[in-house]
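Right, one structure below, let's go through it.
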Amino acid sequence: MQAFEKLMMLDRRWIFLLLIVVCVFTYVFDFSIPILTEPETEAIYNFVDSLPPGDIVFIAIDYDPNNMAELHPMTYAVVEHCWRKELKIIFTSLSQNGPGMVDQALRDLSDSLAQDRTYNGVEFKGREIVRGVDYTFLGYKPYYAIVILGMGQNFRLPFSNDYYGTPLDSIPMMQGVFNYDQCAGVIDLSGGNITDAWISYGQGRFGFPLFLGLTGVMTAQYYPYLGSGQVKGIMGGLLGAAQYEELADNPGRAKDGMRIQLSAHLVIILFIVMGNIGFFASKRRLSKEGGA
Amino acid sequence: MKRQAPFALVFIFGIFMVIQFFVPHETSENAYEFLLDWIIIIGIFALALGIWSLFKVSTEKIKNRKEASEYSYITLIGLFVMMAFGFTQRTGESWGLYFIWILLCCACIVALMTMRASVDQGKKRMWAIGALVTLVGAIVVAIFDDAWQFYFTDPQGFENTMFRAFFDYVMMPILATMFALLAFFIASAAYRAFRARNVMASLLLLAALLVMSRFNPYLPFAEYVAKASNWLMNVPNLAAQRAIVVGIGLGIVGTALKVILGIERGYMGKG
Amino acid sequence: MKLQLLLLSLLILMFCVPVGAQEDSAMVDSLAVDSLAALPVPAPVTDIGLSDLPNDHGHAVVVEWTPSTDDGSGLANVVGYQINYGLSKDGPLDSVGFVPSASGSYEHVGSKDENDRTYIPDHTDLYYRVDVKTVDGRLLVSAEVAGPVQSSGQWYNTGRTAVLIAVALFSFLTIFYVQQAKAGKELYIRPIGGIEAVDDAIGRATEMGRPILYVLGLGTAADVATIASFTILGRVAKRVAEYQTPIMVPTYDPIVMTVAQEVVKSSYMDAGRPDDYDEDSVHFVTQSQFAYVAAVNGMMLRERPATCVYMGKFFAESLLLAETGSVAGSIQISGTDEIAQIPFFIVACDYTLIGEELYAASAYLGREPKLLGSLKAQDWGKGLFVVLSIIGIILANFGVESFGALFEVAD
Amino acid sequence: MKRSTYLVFGGVVVLFALSWIFKSSVLEDGVYSNVWEAFKVTLAAFLTLAIFSFLYKDNPLYKFAEHLYVGISAAYWMCLAFWSTVVGNFIPRTFESLSAAFKQPYQPSSWDILGIPGNIIYIIPVLLGIMLLMRLSSKYGWLSRWPLAFIVGTTAGLNFVRYLRSDFVAQVSSTFVPLLGTPDSVSVWSSFDLNATGPVVALLSNWVIFIGVFSGLVYFFFSKEHTGWFGRTSKVGIWVLMITFGASFGYTVMGRISLLVGRITYLFGDWLGIVQS
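Chains as they are written, first to last, in the working numbering: chain V, 1 to 292; chain Y, 1001 to 1271; chain P, 2001 to 2411; chain F, 3001 to 3277.
Rendered as structure tokens:
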């Protein structure tokens, strides 16, 4: 019986120790955990997966470095998937510090795409990603609502040149591409209000299929748009990113993060359960003693 | 007069701010902006008082040789060095005698503090001389070294790379680590408090467990756990928040009104 | 057949090759521009109406117009409208704003500062013109210049009447119940767990011969939560002075420090022990959130207070403080109006005042009837809230939305 | 200080030196900068470990980091306040000569009182500030209450109306949700879905919100005894509060673990270089 009371009165330093050991262990040693996918994320994956090569996907990278931890893995997973499927991508960044995010992702992803990889049993040859052929980065412009509306008419209205100063008309993949009508859909990865503008000004007026990648705290409040059909799919936080990585069979930072999160959560739950076992056991003993 | 005048001031300015809310005219807006500016300016004087208080408490600790008083030297040195970085600037490529100046100043502070703390008269005199010598040294260096200057002319302020480095490599890591301690404390708090002692504690425990398991793939019905915790965060959470917000709002309003009307005087120690 | 195939593939080649080649792409885009330039001219806007922006400080004008007939229908080539203004009808007009298509109004809000670029003079004639911008980026200058109009500031914001009524009602209720309380009417106040505990906790500290730590949180003197906390500090300090138990009040904000010093000093005087007051018991630490926490945590483990009281505004540090306090073996009483932090205090502290209870506590601790009077007014406020909500819900079920509009407040 | 303290510090200094030397040799590029870079990275890592050591118990290393942090941060905020508020805001509006000395554009006021420029009004807060400093004198200490009264009065007035608006008037209309049925509730049972999107769940959620708000407010009633139906409602209220407190606690855990991962990444990636981040 003494053991149960010990379970209840454990020195908190044991918890600290176990937590740090588990976190460091799961951080340093790579192993995979199953990620349960949800239909909201599957919708985005299936959308990208079902497109024929050569189709254009519009990806808006509307987040700042402070939301990087959650949203950057989504960018990596989605863009890699698109390019492996030989889709073309138009990027914009309507958040002020967003272009830096796009730059970094493009550099890393070009390296990754150069290698041969196998995803979901399908072998993909490495290839070179060419600016202007595989993607166009339009860059940043202030007043996102007006930019979103303007792009609905013609991308050339807000962005006559791309981020690197090339006129859109001289970019090969932009030939005959005027507005959202020529894109298969829009994926907005955002950590703020820009999402609302994409829903009301973008999807609301131009009717393109809209998919969202959001930070964990934002996710809950956008679920109603799924029900109303305005949004076709949502990735929520690190969890959503991990789900996409799972679906695309491309484990990356999000799955790493989730591995640590899961084991840390399990440690905490384990201690809660232990505390309660100790609590009930000692209560029973006390009531027995009281009865006797 | 001494007692009543402040409460009259509270009343006048309180009522003024209430009326101002309903008057959109330029004059009222200007007055509003002025008052908010004033608070900030008074805050500067208060900050001086604050730094004085920190300084005084630290020196008192050293003087009274309280437990861990030696560490107060570190506070004072950190305080001074960072302040020095905030008010000086390198003029050329090299730092010149800048760091020697910093060291001399630190030595001066240490000498002054130790002088205050020492009981023995002879030792006191010795430390006083030490402080004087280092002070003179620091002044000489400050006058004759051209590699850096006190800059009361540069509006940009934080041009000093040392200021930046201290911020990035001392303040930020400590801040981030203090914040990261929360990961441990949230675990120990959960262990300690989440016991099903009664209905309320059980509800707290169950809700927390449910939400914490929302992405656990090993759980049966994992899909429904995720959905249920989403719903929990969306619906009952909204209801509770609204009830609390309305309560807090009324509490703030009630307290503010009592303060304006002079019913509540506890904040001036008159309860 | 073979010849035909060959011809066809030749034809396809002819079309494909230029697209890939660099120099020929220019041809393609000139084609695109030509086709855009060929778009016909959309109709201009009509019926430009100008008025002073109501309920503001002046320096602002509302421009309204009927959108072009080619906006969304007809030629459907309007992308937006550019609004221009000037001080004379014939003089040059400056562009002040752009709105996307399908909108029919624009609020031209300028600065009230003369030196500002966007300054709009009050009580001066202003003229406006609305130009149409087309899909291909052309700006079609409209012939119609509307005006004059004058902007001016108002002395009452009609959009805030709902708040004015609430202010009047609440002030009346508070004064009414305070008067009743003064007249000696008994007011029932339900017990609040955390507050009852304060006295016991002070007694415990005295028995153990250990100090009491009072943390005012990260609020400034501008936060009402901090003001409420000052009141509680006053009561605690008075009790502490009577028991001659040491109190420690590390502060985060220098103004809060000065007020807290005043509060504690007065409490010691009221308790008849002005000589026991130590100015340094209330001291400033630093204005950096986590440095403050680091220092307070260190203080807890070194001084081992018997009781820790956390009242006021708290942020991420709430759990850091409360867990360290529990390591130090202190009884902990907390109260905050920061909703996100209440769960952590609930979990880690012995007693927690939830939201409004913090404000009630300051009245409750004193047991002064006139302070309790305002609690009654607060309860009426909550009752009113419930009644209005039920009316609104019933009306919402019948599809009546206008009731909700009564509670909308202008910015 | 105890002998063990000196030993601890000595050991840490040796370790620090070793780490510094090692790190400088690993880093490339110019000679001067990599020694300095290595110093900064090592310092940050040791301060990180010093703070973590608090988890075991209060110790000399933690005390060192804590006191250093307090001093530096106090000075940091002071410098920030001086340069941004005094130099950036106050001086340009008041003294032409001083703003020239600080190379700030002088901003004269656009209006005047009887020929005196409006900027003169900034004398008042300075006077109030000086009155605040009077608290250091025992004789005129009472004067320091005036500026405090000014601040408390102004902010109380400010908060009174603003909270009445945002936390009361504006909240009323947000509870106006239909409880009997949404207009499109024809296919009520066909799309039962827990995501709070199906009509049934939407309606159920509306009920939960209504009951939650109502019973929560009842819990906060102070002037009525919580007995009978009132007591039962208030009990429901506190239950709803507890459920949501538990849920938000559980929800926050993830973010806090991320912070820890951030520090682990720093220690193992940036400092030790064991794991590539």
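Quick reminder that beta carbons are idealized off the backbone N, C-alpha and C, glycines included.
- In the displayed model, P/PRO2305 falls within coil according to three-state DSSP, outside both helix and strand.
- Boundaries around Y/TRP1231 are those of the alpha helix (DSSP H), 1222-1234, since no beta strand (DSSP E) includes it.
- Taking 7 Å as the cut-off, the beta carbon of F/THR3042 is found no closer than this to the beta carbon of F/SER3025.
- For P/LYS2238, the enclosing alpha helix (DSSP H) covers residues 2224-2243.
- Listed in chain order, the non-local C-beta contacts of P/VAL2096 below 6 Å within the same chain comprise ILE2083, TYR2085 and HIS2108, local neighbours out to five positions each way being set aside.
- Taking a C-beta distance under 7 Å as the contact criterion, Y/LEU1175 and P/PHE2284 do not qualify as a contact pair.
- The beta carbons of F/PHE3150 and Y/LEU1009 sit closer together than 7 Å.
- Taking all protein chains shown into account, V/ASP134 has 16 or more neighbouring C-beta atoms within 10 Å of its C-beta and is therefore buried.
- The way I'd put it, the stretch 3157-3177 of chain F doesn't touch the stretch 1055-1068 of chain Y; fewer than three beta-carbon pairs between them come closer than 8 Å.
- One finds nothing in chain V with a Cβ atom closer than 8 Å to the Cβ of P/VAL2293; even the nearest lies about 17 Å away.
- Looking at Y/PRO1173, Y/ARG1065 and Y/LYS1123, the one whose alpha-carbon comes closest to that of F/ILE3264 is Y/PRO1173.
- With a minimum length of 3 residues, the unbroken runs of beta strand (DSSP E) contained wholly in the stretch 53-120 of chain V fall at 56-62, 88-92 and 117-119.
- Excluding sequence positions up to five before and after F/THR3233, its CB lies within less than 6 Å of the CB of SER3215 and VAL3218, all in the same chain and listed in chain order.
- Residues VAL1010, PHE1011, GLY1014 and ILE1015 of the same chain have their beta carbon placed closer than 7 Å to that of Y/ILE1260, with the five preceding and five following residues left out of the count.
- A residue is called buried once 16 or more other Cβ atoms fall within 10 Å of its Cβ, and V/ALA77 is buried on that count.
- Counting of Cβ neighbours within 10 angstroms places F/PRO3092 among the buried residues, the total reaching 16 or more.
- Sorting Y/ILE1143, Y/LEU1036, Y/ASN1230 and Y/GLU1067 by C-alpha distance to the C-alpha of Y/LEU1097 places Y/ILE1143 at the top.
- In the structure shown, P/GLU2338 adopts coil according to DSSP, grouped into three states.
- If you look at V/ASP196, you'll find it in the alpha helix (DSSP H) that goes 194-197.
- Per the coordinates, the alpha-carbon of P/TYR2364 lies some 14 Å from the alpha-carbon of Y/ARG1265.
- When secondary structure is reduced to three states using DSSP, V/GLY216 falls in the helix class.
- Taking a C-beta cut-off of 9 Å against chain V, the contacting residues of the stretch 2079-2099 of chain P are VAL2079, GLY2080, PHE2098 and VAL2099, listed in chain order.
- If you check each beta-carbon in the stretch 46-71 of chain V against every beta-carbon of chain Y, none falls closer than 9 Å.
- Nearest in C-alpha terms to P/GLN2154, of all of P/LEU2169, P/HIS2123 and P/THR2134, is P/HIS2123.
- Residue-level contact check: Y/PRO1024 touches chain P, since one or more beta carbons of chain P fall below 7 Å from its beta carbon.
- Scanning the stretch 2340-2411 of chain P for uninterrupted alpha helix (DSSP H) segments of 4 residues or longer gives 2342-2348, 2356-2366, 2369-2397 and 2402-2405, listed from N- to C-terminal end.
- Rounded to the nearest angstrom, the gap between the Cα atoms of V/THR118 and V/GLY252 is 14 Å.
- Each residue's CA atom was taken as its position, placing P/ALA2205 and F/PHE3054 some 25 Å apart.
- Contact between P/GLY2110 and P/ALA2060 holds: their C-beta atoms lie close to 6 Å from each other, under 8 Å.
- Counting C-beta pairs with one atom in each stretch, the stretch 236-244 of chain V and the stretch 36-54 of chain V have three or more that are closer than 8 Å, which means they touch.
- When the Cα atoms are used, V/PRO73 and Y/GLY1249 turn out to be separated by approximately 40 Å.
- For the alpha helix (DSSP H) assignment, the stretch 1125-1156 of chain Y encloses no uninterrupted run of at least 4 residues.
- Close to chain F, meaning a Cβ-Cβ distance shorter than 7 Å, is no residue of the stretch 110-134 of chain V at all.
- Within a 10 Å sphere around the beta-carbon of V/ASP249 sit fewer than 16 other beta-carbons, which makes this residue exposed.
- Straight through space, the alpha carbons of Y/LEU1181 and V/ASP30 are spaced by roughly 24 Å.
- For the pair of segments examined, the stretch 2268-2278 of chain P was found not to touch the stretch 2189-2207 of chain P: the number of CB pairs separated by less than 8 Å stays below three.
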